[in-house]
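S.K.: Numbering (full-length UniProt numbering), first residue to last: 1 to 451.
Below you will find the structure I want to go over with you.
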């Protein structure tokens with residue numbers, strides 16, 4: 001087994017603590033690479049652990065959430081080794097076994113839900129837990145369909161929350177119609193379906209991220225996807241085995257959004273982020289920015305790891321407010337915090353509705369963004385399923401509570417780069433869950449972010 005130290009390396013930005021402040025009166029310029037995509041990083045480790053043979057991963061995100069998934073995969077019986085920066089090797093045994101420890105997923109909602117789906121198909125018992133934030137996030141959306149397939153769950157604390165214990169094996173296929181567009185629910189069901197009797201079917205009225213379907217094929221599984229109205233019908237036969245493969249993880253569009261956003265709102269700026277994933281289910285934010293009048297260009301389009309990628313350049317732009325189509329939410333649900341920060345500098349109102357899912361992420365992201373933007377002098381109207389930002393001069397001069405949410409912290413720091421007075425955020429150490437080296441990268445472009 002790999003020495004534990006290789007799975008617990010801490011990113012540089014993880015050392016941040018207390019409050020961090022963003023200010024600046026100079027333009028941002030340069031070219032950078034975004035961290036590896038978080039969704040694909042989780043999946044590459046989990047699929048590699050389920051597979052028989054060796055999976056070589058290049059470009060893996062080494063944030064705290066992904067390191068937690070790496071430790072979990074190792075606890076389930078795979079050999080996991082870090083070979084170098086972003087280069088990892090997973091040697092799977094063709095399935096999961098009962099772990100000898102509690103599976104601590106830290107802050108990783110994607111990690112815990114996909115791992116539960118994967119583990120449900122095997123004859124094992126496993127207890128899942130996480131940090132204080134993860135313990136507040138609903139789990140029945142995943143445990144419900146998995147229980148319908150035959151998995152057994154015991155709530156070890158509050159119902160619908162971790163910690164919980166899963167007893168897997170003996171699953172039967174189901175047909176599941178999603179009521180919300182959720183790649184996490186879909187993925188958990190499909191991973192369980194690999195080891196279920198019969199054909200598992202997931203019907204999505206609205207399309208969600210399709211990384212699982214794409215990557216399952218790369219690992220040798222047969223997945224049938226057909227258009228059905230505005231969504232998809234996904235079919236997967238049970239009894240299929242995964243085979244280790246090579247995975248190249250492209251840059252995370254959710255992380256690329258932060259330096260690109262800074263370029264859009266700081267006068268005189270021009271920033272390029274290279275190697276960004278351009279999967280159509282992940283580019284809703286970029287489409288929205290273009291509708292707002294952003295000078296955003298994409299070059300060097302290519303395919304990497306089965307995904308379309310390209311280099312995105314953003315230049316300072318005079319933006320206008322827009323109404324974001326509600327059907328776009330699934331392709332940018334994690335990007336509404338940074339969109340609202342950019343909207344604070346746009347002329348007019350930016351209306352964001354149909355995004356109640358934001359309230360059950362790592363935090364209630366609607367309430368936190370409303371509170372933070374208001375503290376910085378931005379006009380904001382909060383609604384049950386969304387909010388409206390009216391742009392204008394941003395005073396700044398506030399210290400913002402983040403509830404240990406990395407996207408809330410980064411969004412307000414970007415806001416502060418163009419505000420009249422500095423903006424500070426509390427609990428910045430959580431940035432390392434998704435964007436290790438965020439502060440160093442931003443300061444390398446000319447930003448002024450410091451503790």
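Glycine included, C-beta positions come from ideal geometry on N, C-alpha and C.
Checking 7 Å against the spacing of the C-beta atoms, do residue 171 and residue 196 come in under that value?
M.R.: Mapped onto the chain shown, residue 171 falls at position 171. Mapped onto the chain shown, residue 196 falls at position 196. Result yes, Cβ atoms of residue 171 and residue 196 sit closer than 7 Å.
S.K.: Taking C-alpha atoms, which residue in 123, 94, 141 and 300 lies nearest to residue 110?
M.R.: Translated into the one-based positions of the chain shown, residue 110 becomes position 110. Taking only the C-alpha atoms, the option nearest residue 110 is 141.
S.K.: Express the C-alpha separation of residue 431 and residue 424 in angstroms, rounding to a whole number.
M.R.: Here residue 424 is taken as the residue at index 424 of the chain shown, counted from 1. Here residue 431 is taken as the residue at index 431 of the chain shown, counted from 1. Their Cα atoms are separated by approximately 14 Å.
S.K.: When you compare the CB of residue 84 with every CB in chain C, is at least one pair closer than 7 Å?
M.R.: The chain labelled as chain C is not found in the depicted structure, where only one protein chain is given.
S.K.: So does the stretch 324 to 335 actually touch the stretch 243 to 251, counting three or more Cβ pairs closer than 8 Å?
M.R.: no
S.K.: Rounded to whole angstroms, what's the CA-CA distance from residue 355 to residue 38? Just pull it up for me.
M.R.: As a first step, residue 355 must be located in the chain shown, where it is residue number 355. As a first step, residue 38 must be located in the chain shown, where it is residue number 38. Our two residues, residue 355 and residue 38, have alpha carbons roughly 21 Å apart in a direct line.
S.K.: What did DSSP end up calling residue 79 once you bin it into helix, strand or coil?
M.R.: Residue mapping note: residue 79 aligns to position 79 of the chain shown, counting from 1. Shown here, residue 79 sits in a strand according to DSSP, grouped into three states.
S.K.: Could you give the DSSP three-state label for residue 236: helix, strand or coil?
M.R.: Walking along the chain shown from the start, residue 236 turns up at place 236. In this structure, residue 236 counts as strand in the three-state DSSP scheme.
S.K.: Around the Cβ of residue 216, are there at least 16 other Cβ atoms within 10 angstroms (buried) or fewer (exposed)?
M.R.: By 1-based counting over the chain shown, the position of residue 216 is 216. With 16 or more Cβ atoms within 10 Å of its Cβ, residue 216 is classed as buried.
S.K.: By Cβ distance below 7 Å, which residues in the same chain neighbour residue 54 in space, the five residues on each side in sequence not counted?
M.R.: Within the chain shown, the letter at position 54 stands for residue 54. The beta carbon of residue 54 sits closer than 7 Å to those of 89, 91 and 244, all from its chain and outside the five residues before and after it, given in chain order.
S.K.: Say whether the stretch 94 to 104 touches the stretch 68 to 86, bearing in mind that this needs 3 or more beta-carbon pairs closer than 8 Å, one atom from each stretch.
M.R.: yes
S.K.: Taking residue 312 as part of the beta strand (DSSP E), name the residues at either end of that continuous run.
M.R.: The count along the chain shown starts at 1 and reaches residue 312 at position 312. Annotation: the continuous beta strand (DSSP E) that includes residue 312 extends over 307 to 315.
S.K.: For residue 309, does the count of other Cβ atoms within 10 angstroms reach 16, so buried, or fall short, so exposed?
M.R.: Here residue 309 refers to the residue found at position 309 of the chain shown. Buried, since its Cβ has 16 or more Cβ neighbours within 10 Å.
S.K.: What is the rounded straight-line gap between the Cα of residue 96 and the Cα of residue 213?
M.R.: Within the chain shown, residue 96 is the residue found at index 96, counting from 1. Within the chain shown, residue 213 is the residue found at index 213, counting from 1. Going by the C-alpha atoms only, they are around 20 Å apart.
S.K.: With a Cβ-Cβ cutoff of 7 Å, do residue 61 and residue 41 count as a contact?
M.R.: Stepping through the chain shown from its first residue, residue 61 is reached at position 61. Stepping through the chain shown from its first residue, residue 41 is reached at position 41. Yes, these two residues count as a Cβ contact at 7 Å.
S.K.: Tell me whether the stretch 378 to 392 and the stretch 402 to 413 touch, counting them as touching only if at least three CB pairs, one residue from each stretch, are closer than 8 Å.
M.R.: no
S.K.: Going by beta-carbon coordinates alone, are residue 268 and residue 316 separated by less than 7 Å?
M.R.: The sequence position of residue 268 within the chain shown is 268, counting from 1. The sequence position of residue 316 within the chain shown is 316, counting from 1. It is a contact, given that the beta carbons lie within the stated cut-off.
S.K.: Output yes or no for whether 7 Å exceeds the beta carbon distance between residue 159 and residue 178.
M.R.: Taking the first residue of the chain shown as 1, we reach residue 159 at position 159. Taking the first residue of the chain shown as 1, we reach residue 178 at position 178. Not closer than 7 Å, so no.
S.K.: If the criterion is Cβ atoms closer than 7 Å, does the pair residue 398 and residue 376 meet it?
M.R.: Here residue 398 is taken as the residue at index 398 of the chain shown, counted from 1. Here residue 376 is taken as the residue at index 376 of the chain shown, counted from 1. A contact, by the Cβ cut-off of 7 Å.
S.K.: Do residue 208 and residue 34 come within 7 Å of each other at the CB atom, strictly closer than that value?
M.R.: The sequence position of residue 34 within the chain shown is 34, counting from 1. The sequence position of residue 208 within the chain shown is 208, counting from 1. Not in contact: residue 34 and residue 208 (Cβ atoms no closer than 7 Å).
S.K.: Confirm, please, whether the CB-CB distance from residue 357 to residue 333 is below 7 Å.
M.R.: To locate residue 333, count along the chain shown from 1; it is residue 333. To locate residue 357, count along the chain shown from 1; it is residue 357. Going by C-beta atoms, residue 333 is nearer than 7 Å to residue 357.
S.K.: Hey, residue 114 and residue 46 are a contact pair by Cβ (cut 8 Å); roughly how many whole angstroms apart?
M.R.: Working through the chain shown from its first residue, we reach residue 114 at position 114. Working through the chain shown from its first residue, we reach residue 46 at position 46. Indeed, because the Cβ distance is near 6 Å, the residues count as touching under 8 Å.
S.K.: Beta strand (DSSP E) containing residue 176: first to last residue?
M.R.: Here residue 176 refers to the residue found at position 176 when the chain shown is read from its first residue. From DSSP, the beta strand (DSSP E) with residue 176 extends over 175 to 177.
S.K.: Counting along the chain, where does the beta strand (DSSP E) carrying residue 300 start and finish?
M.R.: Mapped onto the chain shown, residue 300 falls at position 300. Taken as a continuous stretch (DSSP letters only), the beta strand (DSSP E) holding residue 300 covers 295 to 304.
S.K.: Report, in whole angstroms, the separation of the C-beta atoms of residue 294 and residue 319, which I expect to be a contact under 8 Å.
M.R.: Along the chain shown, one-based indexing puts residue 294 at 294. Along the chain shown, one-based indexing puts residue 319 at 319. Right, the Cβ-Cβ distance comes to about 6 Å (below 8 Å), so this counts as a contact.
S.K.: So within the stretch 186 to 258, which uninterrupted alpha helix (DSSP H) runs reach at least 4 residues, ignoring any that extend past its ends?
M.R.: 211 to 218
S.K.: Considering only DSSP beta bridges, list what residue 412 is partnered with.
M.R.: Counted from its first residue, the chain shown places residue 412 at position 412. DSSP lists no partner for residue 412.
S.K.: Going by other Cβ atoms of all chains shown within 10 Å of its Cβ, with 16 needed for buried, is residue 301 buried or exposed?
M.R.: Along the chain shown, one-based indexing puts residue 301 at 301. Exposed is the call here.
S.K.: Would a C-beta distance cut-off of 7 Å place residue 340 and residue 20 closer than the cut-off?
M.R.: Locating residue 340 in the chain shown gives position 340, where the first residue counts as 1. Locating residue 20 in the chain shown gives position 20, where the first residue counts as 1. No. Outside cutoff.
S.K.: Residue 123 by DSSP, collapsed to three states: which one?
M.R.: Reading the chain shown from its first residue, position 123 is the one you call residue 123. Note: residue 123 maps to coil in three-state DSSP.
S.K.: Quick check on residue 43: does DSSP put it in helix, strand or coil?
M.R.: To locate residue 43, count along the chain shown from 1; it is residue 43. DSSP places residue 43 in helix when its eight states are reduced to three.
S.K.: Entirely within the stretch 322 to 364 and at least 3 residues each: give me those beta strand (DSSP E) ranges in chain order.
M.R.: List check, beta strand (DSSP E) in window: 349 to 352.
S.K.: Are the beta-carbon atoms of residue 285 and residue 335 separated by less than 7 Å?
M.R.: Walking along the chain shown from the start, residue 285 turns up at place 285. Walking along the chain shown from the start, residue 335 turns up at place 335. Against a cut-off of 7 Å, the Cβ pair of residue 335 and residue 285 comes out as a contact.
S.K.: Please specify which runs of the beta strand (DSSP E), each continuous and at least 3 residues long, are wholly inside the stretch 106 to 160, giving them in chain order.
M.R.: Given a length threshold of 3 residues, each whole run of the beta strand (DSSP E) inside the stretch 106 to 160 is given here in chain order: 125 to 129 and 152 to 155.
S.K.: Check whether the stretch 227 to 245 and the stretch 186 to 201 are in contact - that is, three or more C-beta pairs closer than 8 Å.
M.R.: yes
S.K.: Am I right that residue 271 and residue 257 are in contact with their C-beta atoms under 8 Å? What's the rounded C-beta distance?
M.R.: Reading the chain shown from its first residue, position 271 is the one you call residue 271. Reading the chain shown from its first residue, position 257 is the one you call residue 257. Contact flag wrong, Cβ pair sits at about 11 Å.
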